[in-house]
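Participant: I'd like to ask some things about the structure below.
Number of protein chains: 2
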Amino acid sequence: MLSAGLPEGTMPKLERPGPLRERVYEALLELITTRALRPGQHLVESELAQHLGVSRQPVREALQRLNTDGWVDLRPAQGAFVHEPTEDEADQLLTVRTLLEAEAARLAAVNADAAGVAELEDLCGRGEAAVGGEEVEKVVEANAAFHARVMALAGNAVLAELARQVDRRVRWYYTPVARQRGAQSWIEHRELIAAIAGKDEQRAVEVMREHTEHTRRSYHERERG
Amino acid sequence: MLSAGLPEGTMPKLERPGPLRERVYEALLELITTRALRPGQHLVESELAQHLGVSRQPVREALQRLNTDGWVDLRPAQGAFVHEPTEDEADQLLTVRTLLEAEAARLAAVNADAAGVAELEDLCGRGEAAVGGEEVEKVVEANAAFHARVMALAGNAVLAELARQVDRRVRWYYTPVARQRGAQSWIEHRELIAAIAGKDEQRAVEVMREHTEHTRRSYHERERG
DNA sequence: ACTCCGTAGACTGTATCCAATAGCCAGTCG
DNA sequence: CGACTGGCTATTGGATACAGTCTACGGAGT
């Protein structure tokens, strides 16, 4: 084995652009989450294909995945439409999120080691810094990263996959309220870290549940805020 | 409106075959769950296409969905392989299932009405009848139907969608142990119905959690059984 | 005997082409 | 004047053809 002595990170991984359909998927998702494509809008395969500089095929495959993930509604022989979220649906989504995240918090408390806690501290620091700044997008991103890290510490791949799907959609709803939530959210994150570091399962669950419920309430009150 | 007087069920709906990719998806899933396609097996698009009498296109799309749903692993430039489940993964899956089903039981207890309870009773009866018979497949099917009904009563579409994915894979693991679980499982179902009918949230959660945990333990002890 | 290189085969991934379907608008008949 | 019917258009859905890439096997050289 010649490669035995080579360090891990030094090989640039030979940047393979990955399947085109994946990149199209990501691109469209970006356009949807940034509201460049608005809810209810009619998406035409050929237009998207031309706009992205690829053929229709990858666009089709991407749209189908977006359909199964709940981002677009695919009406037969008519086209794809950006999904319009309803109040009920948002509520259900946030309910499920509470469930998944609470379980993740519990498992994280069970499994966490010093290194894991340190990572969370680090992310929390970055998040708090972002709150001070102007860019809402940064805050939302940091928030997602923090929750993803907790999920990773839980060590349940199936749970993580489900949460990934749910959280991404929650992020879409969350963006408008991120500003008002702001600082309070990161205080709660700190409490969560403390519970995890202390391996206090019950407390971790409670903190996380309360935290996500706050987010839910903020969402429902978003117009009046 | 000429069609006003026509009864609802009389028009045979003109059996619309629906998108081909969907049928291919279902067909392949059937082949996987019945173990006609064994774990680790290499799936070749052109072979499947020819075998099913369709072109490669729908097969591709079906395989991609199977990939995102965790049924096959899609290795770039190499092909699709039927996913081989590991012990860890099964455990994680059953853990998540416990979580989702318990929440569903709670919500069902909150929302249930007389009609809903009656439906559960009915399904339970069918299930008990199936246990008496010989066909394991029938039992597994009845079990899935029962859990699906509870999920429907919960009235959370997002939760239901997640559970649908998870349960289908659980079903795959469950089949081998269905025979040993058999009757005991349906006794627990009866208890669950009682809890739901009595709108006892806490008890519904406990019963369901215990029920799914039993299944998990049965799975881990399957070889020795 | 082992390793390295070259070549051949096969599969995936992408682009183009044709057919089928739903929606819409105008025209026509009652 | 209203409602139905016909054709028209735009778009998806499925099939086919083509190019790029990875793997595996076999032979030659050390």
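Taken in sequence, the protein lines are chains A and B. For the working numbering, add 7 to where a residue sits in the first sequence, where the first one is 1. For the working numbering, add 7 to where a residue sits in the second sequence, where the first one is 1. The beta-carbon is built from N, C-alpha and C at its ideal position, and this holds for glycine as well.
Could you give the first and the last residue of the continuous alpha helix (DSSP H) run that contains B/D174?
Facilitator: 164 to 204 is the extent of the alpha helix (DSSP H) around B/D174.
Participant: Just tell me which of B/R67, B/V51, B/T40, B/A136 has its CA closest to the CA of B/E29.
Facilitator: Checked all of B/R67, B/V51, B/T40, B/A136; the closest Cα to B/E29 is B/R67.
Participant: Strictly below 9 Å CB to CB, what residues from chain B border A/T75?
Facilitator: By Cβ distance, chain B contributes R72, T75, D76.
Participant: For the alpha helix (DSSP H) that contains A/A134, what are its first and last residues?
Facilitator: With the sequence shown as reference, residue 134 of chain A is identified as Gly, and Ala is not the correct amino acid for it. Element bounds for A/G134: 121 to 139.
Participant: List the residues of chain B whose Cβ lies closer than 7 Å to the Cβ of A/A155, in chain order.
Facilitator: The contacting residues do not exist; A/A155 stays about 17 Å from chain B at best.
Participant: When DSSP builds the beta bridges, which residues end up paired with B/R82?
Facilitator: DSSP, once it has assigned bridges, lists B/G86 as partnering B/R82.
Participant: Beta-carbon within less than 6 Å of A/L13's beta-carbon, same chain only, minus the 5 sequence neighbours each way: which residues are those?
Facilitator: The pLDDT assigned to A/L13 is 41, lower than 50, so where the model puts this residue is not dependable, and the model offers no usable value.
Participant: Can you tell me which residues form a DSSP beta bridge with A/L234?
Facilitator: The structure shown does not extend to residue 234 of chain A, since chain A spans only 8 to 232, so no value can be given for it.
Participant: Below 8 Å on C-beta distance, what does A/Q99 contact in chain B?
Facilitator: Ordered by position in chain B, the residues that pass the 8 Å Cβ test against A/Q99 are N163, A164, V165, L166.
Participant: Would you grab the beta carbon distance between B/V79 and B/A111 for me? Rounded to a whole angstrom, and I think it's under 8 Å.
Facilitator: At roughly 28 Å, the Cβ-Cβ gap does not stay under 8 Å, so B/V79 and B/A111 are not in contact.
Participant: Taking beta-carbon pairs under 8 Å, can you tell me which members of the region 100 to 115 of chain A lie near chain B?
Facilitator: Correct list: L100, T102, V103, L106, L107, E110.
Participant: Expressed to the nearest angstrom, what Euclidean distance is found between the alpha-carbon atoms of B/A69 and B/L166?
Facilitator: When rounded, the distance between both Cα atoms is 24 Å.
Participant: Would you grab the beta carbon distance between A/A159 and A/A149 for me? Rounded to a whole angstrom, and I think it's under 8 Å.
Facilitator: Contact flag wrong, Cβ pair sits at about 15 Å.
Participant: Would you mind sorting A/A84 into buried or exposed? The rule is 16 or more other CB atoms within 10 Å of its CB.
Facilitator: Per the 10 Å Cβ criterion, exposed.
Participant: By the criterion of Cβ-Cβ separation under 8 Å, what are the contact partners of B/E96 in chain A?
Facilitator: Within 8 Å Cβ-Cβ: A164, V165.
Participant: I want to see whether chain B comes within less than 8 Å of A/L27, judged by CB atoms only; does it?
Facilitator: Chain B contact via Cβ: absent.
Participant: With A/V61 as the anchor, note down where its alpha helix (DSSP H) starts and where it stops.
Facilitator: Element bounds for A/V61: n/a, residue is neither H nor E.
Participant: Under the assumption that A/A115 contacts A/A161 (Cβ atoms under 8 Å), give the Cβ distance between them as a whole number of angstroms.
Facilitator: Yes, they are in contact, since the Cβ atoms of A/A115 and A/A161 sit about 5 Å apart, within 8 Å.
Participant: Here's the rule: buried if 16 or more other CB atoms are within 10 angstroms of the residue's CB, otherwise exposed. What is A/D95?
Facilitator: When all chains shown are included, A/D95 counts as exposed.
Participant: Which chain B residues sit within Cβ distance under 9 Å of A/L169?
Facilitator: By Cβ distance, chain B contributes V103, L107, L169, Q172, V173.
Participant: Compare the C-alpha of B/A190 against each of B/L169, B/H227, B/M215, B/G139 and name the closest.
Facilitator: Looking at the Cα atoms, B/G139 is the closest of the given residues.
Participant: Just the Cα atoms here: how many angstroms apart are A/G47 and A/E228?
Facilitator: In a straight line, the C-alpha of A/G47 is about 23 Å away from that of A/E228.
Participant: Which residues, taken in chain order from the region 120 to 152 of chain B, show a beta carbon closer than 9 Å to some beta carbon of chain A?
Facilitator: Residues passing the 9 Å Cβ filter: none.
Participant: The alpha helix (DSSP H) that contains A/T41, what's its start and end?
Facilitator: Per DSSP, A/T41 belongs to no alpha helix (DSSP H) and is neither H nor E.
Participant: Quick one: grab the DSSP three-state call for B/T93.
Facilitator: Three-state result, B/T93: coil.
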